[in-house]
């Protein structure tokens with residue numbers, strides 16, 4: 058594998074929230090299942106959240122995120138939004154993939170209910186980057202942000218890292234071959250059972266890595 062690296066807002070966010078409400082009422086969007094958000098909703102949220110994330114200090118790798126590529130999953134008015142790094146293309150290797158921290162892949166925003174679960178225990182919120190934002194009605198909300206990176210350990214051993222506040226990644230997940238269909242250079246999906254939910258990150262529609270999240 059080779060990798061590289063106001064008023065208007067109120068109107069947009071109200072439309073996005075309306076979409077989320079409709080999604081939450083949909084029969085496929087029950088509490089335990091994450092379903093796809095429409096592109097405009099994901100992009101509207103992404104634009105605002107990426108701007109907020111720019112002020113957060115202590116980011117382990119640099120991700121110049123492109124909100125126009127954002128995609129998301131939602132359930133019960135909450136959700137997960139992936140914002141890929143701009144210029145991420147197949148066949149163009151970023152030398153930072155060979156560094157200890159890896160190369161910036163994406164910003165992953167999520168409602169705190171979906172925070173990563175490690176060894177059966179949810180990660181404490183104070184271990185994660187957290188940003189505050191106002192919704193279309195002026196209500197303050199909080200979102201977790203994970204910084205995703207990709208690293209080549211050696212040969213075909215590629216890893217997905219997810220960083221919180223610590224210098225070391227909270228998530229270290231090995232990429233394997235993917236058989237799921239996906240569009241774009243980067244995609245997310247959820248794999249949910251009665252016992253647990255996993256977030257699956259797919260690269261170029263060929264490789265995927267996953268980690269457990271809250272339900």
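In my numbering, the protein residues as written are 58 to 272.
Cβ atoms here follow ideal geometry from the backbone N, Cα and C, with glycine treated the same way.
Integer-rounded CB distance, given that residue j should sit under 8 Å from residue i
i, j, result
"residue 113", "residue 269", "Contact doesn't hold; Cβ gap of about 24 Å is too wide."
"residue 245", "residue 256", "6 Å"
"residue 249", "residue 151", "Between residue 151 and residue 249 the Cβ distance is about 32 Å, and since that is not below 8 Å, they are no contact."
"residue 220", "residue 200", "Incorrect: roughly 16 Å between the Cβ atoms, too far for contact."
"residue 239", "residue 262", "5 Å"
"residue 98", "residue 129", "7 Å"
Contact under 7 Å by Cβ, residue i with residue j
i, j, result
"residue 122", "residue 164", "yes"
"residue 159", "residue 102", "no"
"residue 96", "residue 120", "no"
"residue 216", "residue 231", "yes"
"residue 258", "residue 266", "yes"
"residue 140", "residue 171", "no"
"residue 146", "residue 184", "no"
"residue 116", "residue 204", "yes"
"residue 168", "residue 135", "yes"
"residue 131", "residue 94", "yes"
"residue 148", "residue 118", "no"
DSSP bridge partner residues for residue i (one or two, in chain order)
i, result
"residue 124", "Answer is none; residue 124 lacks a bridge partner."
"residue 92", "131"
"residue 173", "270"
"residue 138", "129, 166"
"residue 277", "Since the first residue of the chain shown is 58 and the last is 272, residue 277 is not available in this structure."
"residue 152", "In the DSSP output, where bridge partners are listed per residue, residue 152 has none listed."
"residue 159", "Looking at the DSSP assignment, residue 159 forms no beta bridge with any residue, so it has no partner."
"residue 178", "175"
Contact test: residue i Cβ vs the ligand GDP heavy atom, cutoff 6 Å
i, result
"residue 267", "Annotation note on the ligand GDP: not contained in the displayed structure, which lists no ligands."
- Specify whether the stretch 174 to 193 and the stretch 205 to 214 touch according to this definition: at least 3 beta carbon pairs, one from each stretch, less than 8 Å apart. no
- Task: Would you list, in sequence order, the uninterrupted beta strand (DSSP E) runs of no fewer than 3 residues that lie entirely inside the stretch 187 to 242?
- Result: 197 to 211, 214 to 220, 228 to 231
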